[in-house]
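Peer 1: Before anything else, here's the structure in question.
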Amino acid sequence: MPDPRDPYWQRRLRPLPIPVRPMPRELMISYLRRLANANRVDRPLLIRHIATDHAHHIGPLHTHDLALNRPALARLAILSGYPEAVLLAAISTRTLKTPGPEPLRDWIPLGGTGPTLLRPCSHCTARHGIRVPAIIQLEPGPPPICIRHRRTLVPYHYRSDRGNEQPLGAAPEIVTAAHRYKILRRRHRNTIGEAFAAAANITRLWGRGRVGHYRDKSEQINARWNARTEHLPHVPDTVIRYPETIALTSLFASAPTLMLTPTEDREAPSTMQFLLAVARCLDHPAPEQLLRPAHPLFRWAGGWGMPTWFWRNIQEPDRTIYRTLAQGSTQLNPRPARRDQIQ
1 MPDPRDPYWQ RRLRPLPIPV RPMPRELMIS YLRRLANANR VDRPLLIRHI ATDHAHHIGP
61 LHTHDLALNR PALARLAILS GYPEAVLLAA ISTRTLKTPG PEPLRDWIPL GGTGPTLLRP
121 CSHCTARHGI RVPAIIQLEP GPPPICIRHR RTLVPYHYRS DRGNEQPLGA APEIVTAAHR
181 YKILRRRHRN TIGEAFAAAA NITRLWGRGR VGHYRDKSEQ INARWNARTE HLPHVPDTVI
241 RYPETIALTS LFASAPTLML TPTEDREAPS TMQFLLAVAR CLDHPAPEQL LRPAHPLFRW
301 AGGWGMPTWF WRNIQEPDRT IYRTLAQGST QLNPRPARRD QIQ
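Sequential numbering of the sequence shown, starting at 1, is according to full-length UniProt numbering.
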């Protein structure tokens, strides 16, 4: 029988009767809550058995996550019955750099700029037999969707009457973009973060659809997003714009100089070169719309403050690019001639 005078974190541990499988990208505090609930153990008491905290306080759920050092993670592996490698691969744990031998824990606040807290897919939780709601962590980049079951994920703080999971069968291009992002992350590890941030900023400004002082409903990309929203009325705007965001991410990751503006670097492309690359990347059905000085993409490309007659002052090769964009999508991506038309 352990000595009651010994601290909890110094006592010898044994596996709990009921093992609980961690969910992918689950918060550490969420996993400990489910582990304690399944074995009918008090959660603060379970945490005290894992590690010691010199602050002697328990962080509130939904606002703080628990970080463990390696000795504390080893004690959790004993209690859960899962090896450390399995826990590290599944749980979005923050490992403390504080060395042992004492198992230590710390409470890390989850600010507004941090990852998004979501409920896992209901189909995935039913598949694993999970009854206690879990909290998963979404890093910048992947959309809040379940790729396996093609459904959107709901923020954890939402009640059932505020939002439910939405099937994405009406917009399969969103799931395709999520698969494409995984490939891009493996191929362009050094530039994917900056490329996605730039692409998300462009689509966010573009999504506002403001040209002058009114909303430009005739803009073709905005019309594409509006049509997608009609089929998915309760899906966040970031998910609605995600296919175009990933298309731009692929463009910027493969050609990082496109993210530079002419005022930042001499190697940056001109405004016309940038607009042509984006129009081809997105297969814009009306690329002449990008030539409006008030267009968000035109402004982002360095055309802020240009007069409406800017085309009179541009030189080659920008003048040729301007004509290509002004002539519409038929000149943007010309179709190859058929064999019977070749003389």
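The C-beta atom is built at its ideal place from N, Cα and C for all residues, glycine as well.
#1: Run through DSSP, which three-state label would Leu110 get?
#2: Quick check on the DSSP output: the beta strand (DSSP E) that includes Ala67 runs from which residue to which?
#3: The alpha helix (DSSP H) spanning residue 378 covers which residue range?
#4: Using DSSP with H/G/I as helix, E/B as strand and the rest coil, what is Arg148?
#5: Grab me the residues of Ala301's own chain with a C-beta within less than 7 Å of its C-beta, minus the 5 sequence neighbours each way, in chain order.
#6: Is there a Cβ of chain C sitting closer than 7 Å to that of Asn69, yes or no?
#7: In the DSSP assignment, the beta strand (DSSP E) including Leu116 goes from what residue to what residue?
#8: Buried or exposed: where does Val20 fall if 16 or more other Cβ atoms within 10 Å of its Cβ makes it buried?
#9: Classify Pro4 as helix, strand or coil using the three-state DSSP reduction.
#10: Beta-carbon within less than 6 Å of Arg48's beta-carbon, same chain only, minus the 5 sequence neighbours each way: which residues are those?
#11: I'd like to check one pair, Pro296 with Trp206: are the Cβ atoms closer than 7 Å?
#12: For Leu153, does the count of other Cβ atoms within 10 angstroms reach 16, so buried, or fall short, so exposed?
#13: Can you tell me where the alpha helix (DSSP H) with Leu248 in it begins and where it stops?
#14: Quick one: give me the first and last residue of the beta strand (DSSP E) that Arg137 is part of.
#15: Who pairs with Arg105 in a beta bridge, going by DSSP?
#16: Quick one: measure Cβ to Cβ for Thr95 and Arg70, integer angstroms, because I've assumed they're closer than 8 Å.
#17: To which residues does DSSP link residue 360 through a beta bridge?
#18: Rounded to a whole number of angstroms, what is the C-alpha to C-alpha distance between Gln341 and Ala286?
#19: Can you tell which of Arg150, Val41, Glu84 has the C-alpha that lies nearest to the C-alpha of Ala170?
#20: For Thr203, I'd like the list of residues in its chain whose CB is within less than 8 Å of its CB, leaving aside the five on either flank, ordered along the chain.
#21: State the start and end residues of the unbroken alpha helix (DSSP H) segment that holds Arg48.
#22: Indicate the three-state DSSP secondary structure (helix, strand or coil) for Ile78 in the structure shown.
#23: Taking the alpha-carbon positions, what's the Val239 to Asn37 distance?
#24: Within 10 angstroms of the Cβ of Gly212, are there 16 or more other Cβ atoms? Answer buried if so, exposed if not.
#25: Where does Thr137 land, buried or exposed, given buried means 16+ other C-beta within 10 angstroms?
#26: For Pro103 and Ala200, what's the separation of their Cα atoms in angstroms?
#27: Can you tell me which residues form a DSSP beta bridge with Thr95?
#28: In its own chain, which residues sit with a C-beta less than 8 Å from the C-beta of Ile78, not counting the 5 before and 5 after it?
#29: For Glu230, count the other beta carbons within 10 Å of its own beta carbon; 16 or more makes it buried, fewer makes it exposed. Which is it?
Peer 2: According to the data block:
#1: Your numbering for residue 110 matches position 110 in the sequence shown. Leu110: coil per DSSP, three-state reduction.
#2: As a position in the sequence shown, residue 67 is number 67, starting the count at 1. First-last of the beta strand (DSSP E) with Ala67: 64 to 68.
#3: Because the chain here runs from 1 to 343, residue 378 falls outside it and cannot be looked at.
#4: Along the sequence shown, one-based indexing puts residue 148 at 148. In this structure, DSSP gives Arg148 a state outside helix and strand, which the three-state scheme calls coil.
#5: Walking along the sequence shown from the start, residue 301 turns up at place 301. Excluding sequence neighbours, Ala301 sits near Thr271, Phe274, Leu275.
#6: Looking for chain C here will not work: only one protein chain is present.
#7: The residue labelled residue 116 in the question sits at position 116 within the sequence shown. First, the amino acid is wrong: residue 116 is Thr here, not Leu. Here the beta strand (DSSP E) through Thr116 covers 116 to 118.
#8: By one-based count along the sequence shown, residue 20 stands at place 20. Buried.
#9: Within the sequence shown, residue 4 is the residue found at index 4, counting from 1. The predicted model places Pro4 with a pLDDT of 48, which falls under 50 and marks its position as unreliable; any figure quoted below should be read in that light. For Pro4, the secondary structure class from DSSP, reduced to helix, strand or coil, is coil.
#10: Residue mapping note: residue 48 aligns to position 48 of the sequence shown, counting from 1. Answer for Arg48: Tyr8, listed in chain order.
#11: Counted from its first residue, the sequence shown places residue 206 at position 206. Counted from its first residue, the sequence shown places residue 296 at position 296. For Trp206 and Pro296, yes; Cβs fall inside 7 Å.
#12: Translated into positions along the sequence shown, residue 153 becomes position 153. The C-beta of Leu153 has 16 or more other C-beta atoms within 10 Å across all chains shown, which makes the residue buried.
#13: Locating residue 248 in the sequence shown gives position 248, where the first residue counts as 1. First-last of the alpha helix (DSSP H) with Leu248: 242 to 254.
#14: In the sequence shown, counting from the first residue as 1, residue 137 sits at position 137. It is Gln, not Arg, that sits at residue 137 in the sequence shown. Where Gln137 is concerned, the enclosing beta strand (DSSP E) stretches over 136 to 138.
#15: By one-based count along the sequence shown, residue 105 stands at place 105. Looking at the DSSP assignment, Arg105 forms a beta bridge with Leu68.
#16: In the sequence shown, counting from the first residue as 1, residue 95 sits at position 95. In the sequence shown, counting from the first residue as 1, residue 70 sits at position 70. That belief holds up - the Cβ atoms of Thr95 and Arg70 are roughly 7 Å apart, short of 8 Å.
#17: A question about residue 360 goes unanswered here, because the residues of the chain that appear run from 1 up to 343.
#18: Numbered from its first residue, the sequence shown carries residue 341 at position 341. Numbered from its first residue, the sequence shown carries residue 286 at position 286. Interpretation of Gln341 is limited by its pLDDT of 37, a score under 50 that renders its predicted location unreliable; no figure is taken from the coordinates.
#19: Residue numbering aside, residue 170 sits at position 170 when the sequence shown is read from its first letter. Ranking the options by Cα distance to Ala170, first place goes to Arg150.
#20: As a working mapping, residue 203 is identified with position 203 in the sequence shown. Excluding residues up to 5 positions away in sequence, Arg241, Glu244, Thr245, Leu248 lie with their Cβ nearer than 8 Å to the Cβ of Thr203 in the same chain.
#21: Within the sequence shown, residue 48 is the residue found at index 48, counting from 1. For Arg48, the enclosing alpha helix (DSSP H) covers residues 43 to 50.
#22: Taking the sequence shown and counting its residues from 1, one reaches residue 78 at position 78. Helix.
#23: Indexing the sequence shown from 1 puts residue 239 at position 239. Indexing the sequence shown from 1 puts residue 37 at position 37. Each residue's Cα considered, the two are about 34 Å apart.
#24: Sequence index remark: in the sequence shown, residue 212 carries index 212 (1-based). Low local confidence applies: a pLDDT of 38 at Gly212 is under 50, so the model's placement there is unreliable, and no value is given.
#25: By 1-based counting over the sequence shown, the position of residue 137 is 137. A small correction: the amino acid at residue 137 is Gln; Thr does not occupy that position in the sequence shown. The residue in question, Gln137, is buried, as its Cβ has 16 or more Cβ neighbours within 10 Å.
#26: The residue given as residue 103 occupies position 103 in the sequence shown. The residue given as residue 200 occupies position 200 in the sequence shown. C-alpha separation (whole angstroms): 40 Å.
#27: For the purposes of this step, residue 95 is taken as residue 95 along the sequence shown, with counting starting at 1. Under the DSSP definition of a beta bridge, Thr95 partners with Leu68.
#28: Along the sequence shown, read from residue 1 onward, the residue named residue 78 stands at position 78. Cβ neighbours of Ile78 beyond the five flanking positions: Leu13, Arg14, Pro15.
#29: Counted from its first residue, the sequence shown places residue 230 at position 230. Exposed, since its Cβ has fewer than 16 Cβ neighbours within 10 Å.
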